[in-house]
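Protein chains in written order, with the numbering used here: chain V, 1 to 339; chain S, 1 to 339; chain D, 1 to 339; chain Y, 1 to 339.
Idealized CB from N, CA, C, for every residue including glycine.
Values in this document were obtained by computation on a predicted structure and should not be read as measured data.
Each remark here refers to the structure printed beneath this line.
Protein chains: 4
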Amino acid sequence: MIIVMKAGAAKKDRDEVLRRIRELGYKPHVIHGATRDVIGAVGDERGKAVLQSLESLHGVENVLPILQPYKLASKEVKKESSLVRISDDVVIGGNRVIMMAGPCSVENEQQIIESAIAVKKAGAHVLRGGAFKPRTSPYSFQGLEEEGLKLLAKARELTGLPIVTEVINPETADLVADYADILQIGARNSQNFALLKKVGQIGKPVLLKRGMSMTIQEFLMSAEYIMSEGNQSVILCERGIRTFETATRNTLDLSAVPVLKEKTHLPVVIDPSHGTGNHHYVAPMCFAGVAAGADGLIVEVHPDPEHASSDGPQSLKPKKFEAMMAKLQLFVEAAGRSL
Amino acid sequence: MIIVMKAGAAKKDRDEVLRRIRELGYKPHVIHGATRDVIGAVGDERGKAVLQSLESLHGVENVLPILQPYKLASKEVKKESSLVRISDDVVIGGNRVIMMAGPCSVENEQQIIESAIAVKKAGAHVLRGGAFKPRTSPYSFQGLEEEGLKLLAKARELTGLPIVTEVINPETADLVADYADILQIGARNSQNFALLKKVGQIGKPVLLKRGMSMTIQEFLMSAEYIMSEGNQSVILCERGIRTFETATRNTLDLSAVPVLKEKTHLPVVIDPSHGTGNHHYVAPMCFAGVAAGADGLIVEVHPDPEHASSDGPQSLKPKKFEAMMAKLQLFVEAAGRSL
Amino acid sequence: MIIVMKAGAAKKDRDEVLRRIRELGYKPHVIHGATRDVIGAVGDERGKAVLQSLESLHGVENVLPILQPYKLASKEVKKESSLVRISDDVVIGGNRVIMMAGPCSVENEQQIIESAIAVKKAGAHVLRGGAFKPRTSPYSFQGLEEEGLKLLAKARELTGLPIVTEVINPETADLVADYADILQIGARNSQNFALLKKVGQIGKPVLLKRGMSMTIQEFLMSAEYIMSEGNQSVILCERGIRTFETATRNTLDLSAVPVLKEKTHLPVVIDPSHGTGNHHYVAPMCFAGVAAGADGLIVEVHPDPEHASSDGPQSLKPKKFEAMMAKLQLFVEAAGRSL
Amino acid sequence: MIIVMKAGAAKKDRDEVLRRIRELGYKPHVIHGATRDVIGAVGDERGKAVLQSLESLHGVENVLPILQPYKLASKEVKKESSLVRISDDVVIGGNRVIMMAGPCSVENEQQIIESAIAVKKAGAHVLRGGAFKPRTSPYSFQGLEEEGLKLLAKARELTGLPIVTEVINPETADLVADYADILQIGARNSQNFALLKKVGQIGKPVLLKRGMSMTIQEFLMSAEYIMSEGNQSVILCERGIRTFETATRNTLDLSAVPVLKEKTHLPVVIDPSHGTGNHHYVAPMCFAGVAAGADGLIVEVHPDPEHASSDGPQSLKPKKFEAMMAKLQLFVEAAGRSL
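Printed below as a string of structure tokens:
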């Protein structure tokens, strides 16, 4: 931490800051500047009592952190990329780009089975589908719940595709974990710390979506919550952040891919369906995601988007998904990877 | 809903849209425009299957909603302002401006008792203090939990001040409700729908904070979640939204007060401590909040901010809080209200 | 400046950083940390070659500035509040709260004269009105140009009100200055540095609007541009920033008032008309602006908003403006000021 | 336009709206809804007096535009992609992906010549370099001005590369046009309408950067300003928007590429240097830009970034640029295009 004193701060204020730095277990180091003093507090800031509170002291202008506050998620701590094993066949974080696809919500048996067969045929590796749905309106379809989980399991049995599905409540997390191969934490629950701890304890792979107004640092702190409970199998998912632009549902932050690749060893997945909210923009954003270095993609595919219970406008029809996968192959190869 | 067709859309596309509008229980009404057709779908959109999915249909450019999607929270449905009864003495939503004050976290008996006595003396009506703390870092102080609730109850016994404290998990919500007079939903849980439903079922007054990137419409939809479970005692709290500006911790959106007053009958409270993140800015933002028409304020006060476990930099010392309350009185009177 | 080295950076990389710091005229000061070195560069950073380029050096993680980059606008350099003299009668920055009011655009003689008389009668001190209009669409009304300036001068002659009007081009700035008492720089030109220099050279008082996505630091840097040309008469105007919220045209950042009051000696004005974009929200935001500590307000008033060439929806009718002024008086008194 | 009446609006209010719609030259069309009336105003809204002012009328809730407000830039008006001819050899908007590269600022003869030779050798088609620099601080290097333009011309002579350089003031625009092949409008001047008109009159190709908080619709309106002066040679450049994220200098909005491709016939270029502000992230964002469908890229390359007068941290060294170009070739081919 760097503590910046006010211009002309009194000596006794500076001495009090030095005393508090030592009290908190750090070694102070003063730099006498042209107009003010700056004090370095030497010691590992991560996982310890924060020095930020010194900002309340008299004569202090502000306090600048030097280290990132995460440890387990940090590339400084673990240099090699993490591989997250989803099933015997499917591992994410290596050379192979993983495609997760399927409908927003599980609606009925025919719909999910048809979707699963279609995305499998087109080359997807994981089936997505929501059974518990976090909806902005209490009057919207809230998902088939356990019935939906059973249908997902049926689809897995039939196609061999592992399944990713959302968990929205610590109370039903174990139930979801009985069926799912990957537990998804949605954007709106990305700082629901009770839920993060719970999936950390369960231990199954977690697909953690970035919150709508979450910085990359906060994103990694949410991953740290899961990891600090003992579960290292975290997959990060960029799904668009909220900005002033309304031409797209969110603004897909693809630069988050190289930033995350620099800061963490965890695999990174892109969700262009929620990122753009419009099926016309999904294919180019899939290509761009792979070009930016993503380890996987998660895409909404629905056999009949016009009748979908949720997210119809951003869902691809199976034919379009298949055509997209063919083109995607070229970009995956350009990236020196396999699909 | 207004369905805008693409320029030159085929007649069969338009006919399919008309068919689907009728299928969903609305009456279509076509306006033939200069370059394209526009179709109105007549019927009450609220609480019914969304027409938004029509955006996936061929020939449709976009779909514009006309009605706000909330009902119970809407001023169209209930015109007079709602009064939320917190205790025998304290009611919010009427002429009296309600002040809630206290430390960010309950840290120990002395701290919370001292705080309670100080804020009561300065004229506060409700004591705030966190026992379950949602912290960005898993390594930060997570609150005293039930022990903290007991200390809050002690402070209430001593001072008569009702207490507002945060609930962060459906599993511990009943426990918190055993102690609290108002259940607070924090900004990070503002779209934790499982938690919203739970506090809706409990039935105690809820202080609902606006999420960091939540539109006012989504804010009212979250209130609607609580109300649709049967609990009408919802207090809305603006606490700053996330923007590009870094001079303040968040950007306090005071224009949300007149906007909310136009759209809903629920009382509105301002939190300038989280809104600005800096104790220097708290007093002017309290004055401005009351001038903008807020029904209450919630302010962090700590006897020793430099040693606070959380949010020290934005906490007022009791002396400063007292001085602020004296000036606030003048603005409350200018607003034609009482404190 | 603080230069943070990468964990495990080589000694030769650190030595190169030290060499470059000295080359740029600063004194380096190394702090050996637990995992990395941190180097302070001692010297006045303001107005000198930036150290930021050191971020490109091998082994450097990032570079943190310590000082604010503005000088003339800074309260550290000039502690007492600046008074900006607009006319013999009107001075802004002192105890008196200054009200500027009038239509968005000057449309014709009757409209501007009627407006001027109405706002004068209601107690305004300055007449606003645009002659050169920066419009988002090339097909929208672009202002009456010099004809509009002449009408403004007529209105001033008749009412004695000094006038504030926008300047949008260095080429026509002198012409505008021939008529105006205050030169307004609009939000879209807030980083049009050629224009800022030009109004700095002209020397008349400038009302500088904050850009839509401008940080407070950048806002003060734009003021610095004007001041560094020798013109110290700068009035800062907060007029709403762009955020994700669409219930208001912009998000009026009232916390900018106490932040600016802490950092600069320049007077601060609030524009609730553009800040909210809706005449219903203008009065509460005027009250809140004064309560937050603003030195003035600028409000759109139009005798016939339904026929206004621009900004009708956010303009007050004279009657409503008069009623607002009566209530405003109470808040001005609560703030210990006069109107 | 769609005019939404308030619930329970009086008949006389509705009649007044109908009268005004007719007065403005549109045909009104009423839809009687369940709770309110909605009125369509039939007629071409583009380039005509705005109906938005009706929002001020009594009984009107809000006014929703149906058409995009731009004409010349719209794909509805001109379906085939526009080709912008920069020189005899270089055309943008066709199959070939155009690379523009060079330093942020022209600093001296050696630097710009060295840069030009290096980027030409690596395969760039256009040389970039600033002679007039819009800098946030008045104390920063402001460019070599005409001397810089002459050096750019020398570099062009030597290498044959056409040059793109920024114009910041209508007064010096003709001077810049004497030297430049493409006139660049920077992000901070993207709504400097006087400057937009000026480059529209000059008629040379314009590289228009998106403003930091500009919606895509406003971006196209700024292009419309240039085009409405008779200059159809506009190249759109996405260079990152301002968001809450601070890990990158801006948030590069790559989804703007497919959105723009859907709405306009103009070519689209990506600037990953300003978009990310960090040379580590430039290569992946170049690849992603091409994968998303961009027609060109503009990249900062500097022979000695540690000594650059501006933007050092985001500039590539020639060696890295060359390596990036080799990889880029693969993504260009995957996109079915040539470099």
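Mind reading off the beta-carbon distance from residue 293 of chain Y to residue 261 of chain Y? Whole number of angstroms is fine, and I expect it under 8 Å. Along the fourth sequence, one-based indexing puts residue 293 of chain Y at 293. Along the fourth sequence, one-based indexing puts residue 261 of chain Y at 261. Their Cβ separation, rounded to whole angstroms, is 6 Å, which keeps residue 293 of chain Y and residue 261 of chain Y in contact under 8 Å.
Practice problem: Could you pull the start and end residues of the alpha helix (DSSP H) that residue 32 of chain Y belongs to? | Solution: In the fourth sequence, the residue the question calls residue 32 of chain Y occupies position 32. Not the alpha helix (DSSP H): residue 32 of chain Y falls in the beta strand (DSSP E), residues 27-32.
Margin query: Just to make sure I have the definition right: I need the residues of chain D whose C-beta is within less than 7 Å of the C-beta of residue 136 of chain Y. Which are they?
Written below: On the fourth sequence, residue 136 of chain Y is found 136 positions in, with the first residue counted as 1. The CB of residue 136 of chain Y comes closer than 7 Å to the CB of 218 and 221 in chain D, given here in chain order.
- Query: Using 8 Å as the limit for Cβ to Cβ distance, is residue 287 of chain V near chain Y?
  - Reply: Reading the first sequence from its first residue, position 287 is the one you call residue 287 of chain V. So yes, residue 287 of chain V belongs to the interface.
Check your understanding: What are the partner residues of residue 85 of chain S, as DSSP defines its beta bridges?
Key -> In the second sequence, residue 85 of chain S corresponds to position 85, counting from 1. Per DSSP, S:91.
- request: With 7 Å as the C-beta to C-beta threshold (strictly closer), list the residues of the segment 220-245 of chain D near chain Y in chain order.
  value: 221, 224, 225, 228 and 242
**Message:** Can you pull out the residues from the segment 73-96 of chain S whose beta carbon lies closer than 8 Å to at least one beta carbon of chain D?
**Reply:** none
Item to complete: Scan the segment 168-198 of chain Y and note each continuous beta strand (DSSP E) run of 3 residues or more that stays entirely inside, going in chain order.
Response: Counting only runs of 3 or more, we get 182-185.
Would you say the segment 293-307 of chain V touches the segment 96-106 of chain V, given that touching needs at least three Cβ pairs under 8 Å?
yes
Give the secondary structure of residue 128 of chain S by DSSP, where H, G and I count as helix, E and B as strand, and everything else as coil.
The residue you call residue 128 of chain S lines up with position 128 of the second sequence. Three-state DSSP puts residue 128 of chain S in a strand.
Along the chain, where does the beta strand (DSSP E) that runs through residue 327 of chain Y open and close? One-based indexing of the fourth sequence puts residue 327 of chain Y at position 327. Not the beta strand (DSSP E): residue 327 of chain Y falls in the alpha helix (DSSP H), residues 318-334.
Three-state secondary structure (DSSP) of residue 342 of chain Y: As shown, chain Y starts at 1 and ends at 339. That puts residue 342 of chain Y outside it, with no answer to give.
Could you round the C-beta distance between residue 322 of chain V and residue 122 of chain V to whole angstroms and report it? I think they count as a contact, below 8 Å.
The residue you call residue 322 of chain V lines up with position 322 of the first sequence. The residue you call residue 122 of chain V lines up with position 122 of the first sequence. With a Cβ gap of about 4 Å, residue 322 of chain V and residue 122 of chain V count as contacting.
- Task: Tell me whether residue 5 of chain D sits in a helix, a strand or coil according to DSSP, three-state version.
- Result: The residue you call residue 5 of chain D lines up with position 5 of the third sequence. Here residue 5 of chain D sits in strand by DSSP.
Specify, as a first and last residue, the run of the alpha helix (DSSP H) that residue 21 of chain V falls within. In the first sequence, the residue the question calls residue 21 of chain V occupies position 21. DSSP places residue 21 of chain V inside the alpha helix (DSSP H), whose first and last residues are 11-23.
- Query: Hey, is residue 284 of chain Y's beta-carbon within less than 8 Å of any beta-carbon in chain V?
  - Reply: Counting from one through the fourth sequence, the residue named residue 284 of chain Y turns up at place 284. Chain V contact via Cβ: present.
**Message:** Which residues does DSSP list as the beta-bridge partners of residue 41 of chain D?
**Reply:** As a position in the third sequence, residue 41 of chain D is number 41, starting the count at 1. D:28.
Can you tell me whether residue 110 of chain D is buried or exposed? The criterion is at least 16 other CB atoms within 10 Å of its CB, across all chains shown. Reading the third sequence from its first residue, position 110 is the one you call residue 110 of chain D. It is exposed - the Cβ of residue 110 of chain D has fewer than 16 other Cβ atoms within 10 Å.
Checklist entry - For residue 91 of chain V versus residue 128 of chain V, is the C-beta spacing smaller than 8 Å? => result Residue numbering aside, residue 91 of chain V sits at position 91 when the first sequence is read from its first letter. Residue numbering aside, residue 128 of chain V sits at position 128 when the first sequence is read from its first letter. No; because the gap between Cβ atoms is not below 8 Å, this pair is not in contact.
So residue 215 of chain Y contacts chain V; which residues on that side make the cut at Cβ distance below 8 Å?
Within the fourth sequence, the letter at position 215 stands for residue 215 of chain Y. Ordered by position in chain V, the residues that pass the 8 Å Cβ test against residue 215 of chain Y are 244, 245, 246 and 247.
8 Å Cβ cutoff met for residue 14 of chain V and residue 59 of chain V
Translated into the one-based positions of the first sequence, residue 14 of chain V becomes position 14. Translated into the one-based positions of the first sequence, residue 59 of chain V becomes position 59. Contact flag set, yes.
query = Is it true that the CB of residue 235 of chain V sits closer than 8 Å to the CB of residue 269 of chain V?
reply = Numbered from its first residue, the first sequence carries residue 269 of chain V at position 269. Numbered from its first residue, the first sequence carries residue 235 of chain V at position 235. Yes, the Cβ-Cβ distance between residue 269 of chain V and residue 235 of chain V is below 8 Å.
Check: Between the segment 272-282 of chain V and the segment 249-263 of chain V, are three or more C-beta pairs nearer than 8 Å?
Finding: yes
Distance between beta carbons of residue 222 of chain V and residue 242 of chain V, contact taken as under 8 Å: Counted from its first residue, the first sequence places residue 242 of chain V at position 242. Counted from its first residue, the first sequence places residue 222 of chain V at position 222. Not a contact, Cβ separation roughly 17 Å.
List the endpoints of the continuous beta strand (DSSP E) containing residue 388 of chain Y. Outside the shown range of chain Y, which is 1 to 339, sits residue 388 of chain Y, and nothing can be said about it.
Margin query: Please tell me whether residue 42 of chain S has its Cβ less than 8 Å away from any Cβ of chain Y.
Written below: Your numbering for residue 42 of chain S matches position 42 in the second sequence. The beta-carbon of residue 42 of chain S is placed less than 8 Å from the nearest beta-carbon of chain Y.
Report task. Report yes or no: do the segment 175-187 of chain V and the segment 139-155 of chain V share at least 3 C-beta pairs separated by less than 8 Å? Result -> yes
Can you check which of these residues, Y:116, Y:211, Y:259 and Y:130, is closest to residue 158 of chain Y by C-alpha distance? If you number the fourth sequence from 1, residue 158 of chain Y lands on position 158. Closest option to residue 158 of chain Y, Cα to Cα, is Y:116.
field: Own chain partners of residue 107 of chain V with C-beta closer than 6 Å, once the 5 adjacent residues on each side are dropped
entry: Counted from its first residue, the first sequence places residue 107 of chain V at position 107. Contacts found: 309.
Q.
Within a Cβ cutoff of 8 Å, which residues of the same chain sit near residue 5 of chain S, ignoring the five residues on either side of it in sequence?
A. In the second sequence, the residue the question calls residue 5 of chain S occupies position 5. Excluding residues within five positions, the ones whose Cβ falls inside 8 Å are 13, 14, 17, 36, 37, 38, 39, 59, 60 and 61.
Exercise. List, in order along the chain, the chain V residues whose C-beta lies closer than 7 Å to that of residue 25 of chain Y?
Worked result: Position 25 of the fourth sequence, counting from 1, holds the residue named residue 25 of chain Y. Per Cβ cutoff of 7 Å: no residues; residue 25 of chain Y is ~28 Å from chain V at best.
Note to self: Taking 8 Å as the limit between beta carbons, can you name the residues of its chain near residue 44 of chain D, skipping five residues before and five after?
What the structure shows: Working through the third sequence from its first residue, we reach residue 44 of chain D at position 44. Excluding sequence neighbours, residue 44 of chain D sits near 67.
Q: Give the residues from the segment 174-190 of chain Y that approach chain D closer than 8 Å (Cβ to any Cβ), ordered along the chain.
A: 188 and 189
Would a check of beta-carbon distances place residue 171 of chain D closer than 8 Å to chain Y? Numbered from 1 along the third sequence, position 171 holds the residue referred to as residue 171 of chain D. Answer yes: the Cβ-Cβ gap between residue 171 of chain D and chain Y drops below 8 Å somewhere.
- Of all the options V:271, V:55, V:63 and V:11, which has the alpha carbon lying nearest to the alpha carbon of residue 2 of chain V? As a position in the first sequence, residue 2 of chain V is number 2, starting the count at 1. Of the candidates V:271, V:55, V:63 and V:11, V:63 places its Cα closest to the Cα of residue 2 of chain V.
Task: Proximity test, Cβ basis, 8 Å: residue 58 of chain Y and chain S - done: The residue you call residue 58 of chain Y lines up with position 58 of the fourth sequence. No, residue 58 of chain Y does not count as interfacial toward chain S.
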